[in-house]
Structure formats: C-alpha cells, structure tokens
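Going letter by letter, the sequence shown gives residues 0 to 67 in numbering that gives the first Met the number 0.
Where is the CB? At the ideal position from N, CA and C, for every residue including glycine.
Quick caveat, the model's predicted, so the values are computed rather than measured.
Heads up: the structure comes next, in structure tokens.
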Amino acid sequence: MITFLFLIIFSRVIWVAVKATWSVTKILLFVVFFPLIFVGTIIGGLMYVAIPLLIVVGIISLLTRPIS
0 MITFLFLIIF
10 SRVIWVAVKA
20 TWSVTKILLF
30 VVFFPLIFVG
40 TIIGGLMYVA
50 IPLLIVVGII
60 SLLTRPIS
C-alpha cells in the first residue's frame, strides 16, 4: 500500500517536471534559437530561404494562437 502511494506521488512529481521542462524548452526555442537562425540565414546570404520561412511561421502562429 505504501509503495502504491509512493508511485502515485512520484509519478505526479515527474509529470510536473516534464511539463515545466517542456515549457522552458519552448520558451528557449521561440525566443532565442529561432531568431538566431533567421539572423544567421540573412547574414549567410540565404534571404530567399529566411523570408518565406518567416512568413510561414507567422501565419502558423496567427492560426494557432489561443483564444482567451
């Protein structure tokens, strides 16, 4: 019985940790790494790749924005 209770509590703690880690990963990707990738493609002379990619990401972000 104690083992079962321990497993329930431990699984909840792991679930909260995974959710927090996923949130931090999303923030790092969207705030830090994607702008650096776009700046790198522009500096590298790949403007024809960066602009359409930016447009597609912008449209997707507008369509998937949560309604509050």
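| Item | Value |
| --- | --- |
| Just checking my contact of LEU53 with PHE37 at CB under 8 Å: how many whole Å lie between their CB atoms? | 6 Å |
| The alpha helix (DSSP H) with PRO34 in it runs from where to where? | 33 to 42 |
| To the nearest whole angstrom, what separates the beta carbons of ALA49 and ILE59, a pair I think is in contact under 8 Å? | Wrong, their Cβ atoms sit about 16 Å apart, outside the cutoff. |
| If you draw a straight line from the alpha carbon of ILE1 to that of VAL23, how long is it in whole angstroms? | 33 Å |
| Reducing DSSP to helix, strand and coil, say where PRO65 ends up. | coil |
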